[in-house]
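Everything below concerns the one structure shown next.
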Amino acid sequence: MKAEKNIAFFDFDWSLIEQDSDFWTISKLSEAQWNQCETLKSMQWTDLMDRSICELQDNGVTLDQFENVLQKIPFTPAMIATLKLLKEHDTQVVILSDANTFYIETILKAYGVRDLVHDIITNPAYFDDKNRLRIRRRILATAPPHNCPNVCALNICKGQEIDTYIRNHGPFQKIIYVGDGKNDYCPATRLREQDRMFVRSGKALARYLERESHILAAIKAKITYWDSSEIVRRAVEDEKL
Ligand SMILES: [Mg+2]
Ligand SMILES: [Zn+2]
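Residues 245 to 485 in this note's numbering are what the sequence shown spells out, letter by letter.
Here it is, written out as structure tokens:
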């Protein structure tokens, strides 16, 4: 009988890459546009990002300009090496992100690593009838809400995404999860004792886990805190994850 494979889930912003792709893209294209986003933070995030990229395009920003900015986002050699190691170890790689398909695909292609990622679960990008790049929520406002009790955004519950993915593609021997944000907490509660959670130091998830002991206690997997992607790379190499 064939042994079960391992699977690695990566959050994208500040986990796989060294930036927040929404902030990077909009602020590099127009600082004024980003400053406006800061004043509209009460809006649902995906809707706000969609509105902002529409306004940029209505003001003359082209798709080429989006691509040029995205292609320069920082992506460390150690994280790229991690993806290559996972491929060598026959570990499936899935990105689970609140960014969007266009940003993620463009960045992965720019760094020549698109073929190292099996699946991308995120908010879909599309082109509207005016040929503008647009983003829509993964869970639409008109769809039934996910009703997750954890700290998940309205448009995506990464815990439920993991459940569905494993139901359709699993079982997996070991699950690895790399994340930094509060919305990476819910999927971390899905991990088992044999799994591994990589939490980025100094970011929102690390701060959240410090808040109350029961929050941390809900994660059964071994947690590794990391600030440099080299720590993730070394763990994947040494432990054949
Ligand atoms: Mg993140
Ligand atoms: Zn959730």
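Backbone N, C-alpha and C fix where the C-beta goes; we use that ideal spot for every residue, glycine too. Note that the coordinates shown come from a computational prediction; the quantities given were computed from them, not determined experimentally.
### Task
Could you tell me which of Glu456, Arg382, His362 sits nearest to Pro368, measuring between CA atoms?
In the sequence shown, residue 368 corresponds to position 124, counting from 1. Nearest option by C-alpha distance: Arg382.
### Task
Report yes or no: do the stretch 308-316 and the stretch 350-358 share at least 3 C-beta pairs separated by less than 8 Å?
Taking 8 Å as the limit for Cβ pairs, the verdict is that the stretch 350-358 does touch the stretch 308-316.
### Query
Which residues, in chain order, sit with a beta-carbon under 7 Å away from any heavy atom of ligand 2?
His390, Cys392, Asn394, Cys396, Cys401, Lys402, Gly403, Gln404, Cys430
#### Entry: Whole-angstrom distance between Arg378 and Val338, CA atom to CA atom
Here residue 338 corresponds to residue number 94 of the sequence shown, with the count starting at 1. Here residue 378 corresponds to residue number 134 of the sequence shown, with the count starting at 1. Val338 and Arg378: Cα-Cα distance of roughly 23 Å.
### Message
Buried or exposed for Asn303, going by 16 or more other Cβ atoms inside 10 Å?
### Response
The count along the sequence shown starts at 1 and reaches residue 303 at position 59. It is exposed - the Cβ of Asn303 has fewer than 16 other Cβ atoms within 10 Å.
### Message
Would Thr320 and Val480 be called neighbours here (beta carbons separated by less than 8 Å)?
### Response
Within the sequence shown, the letter at position 76 stands for residue 320. Within the sequence shown, the letter at position 236 stands for residue 480. No, they are not a contact pair.
### Message
Could you check whether Phe253 and Ala343 sit closer than 8 Å to each other, using their CB atoms as the reference points?
### Response
Translated into positions along the sequence shown, residue 343 becomes position 99. Translated into positions along the sequence shown, residue 253 becomes position 9. Going by C-beta atoms, Ala343 is not nearer than 8 Å to Phe253.
#### Entry: alpha helix (DSSP H) runs contained entirely in the stretch 438-481, provided each spans 4 or more residues
448-455, 457-461
### Message
I'd like the list of long-range same chain contacts for Thr345, defined as Cβ closer than 8 Å, with 5 residues on each side in sequence excluded.
### Response
The sequence position of residue 345 within the sequence shown is 101, counting from 1. These residues qualify, in order along the chain: Ile364, Thr366, Asn367, Pro368, Ala369.
#### Entry: beta-carbon Gly446 near ligand 1 non-hydrogen atom, thresh 7 Å
Translated into the one-based positions of the sequence shown, residue 446 becomes position 202. Closer than 7 Å to some heavy atom of ligand 1: that does not describe the Cβ of Gly446.
### Task
Could you check how far apart the C-beta atoms of Lys426 and Val395 are, in whole angstroms? I think they sit under 8 Å.
Counting from 1 along the sequence shown, the entry for residue 426 is found at position 182. Counting from 1 along the sequence shown, the entry for residue 395 is found at position 151. Rounded, the Cβ-Cβ distance is 5 Å, consistent with contact.
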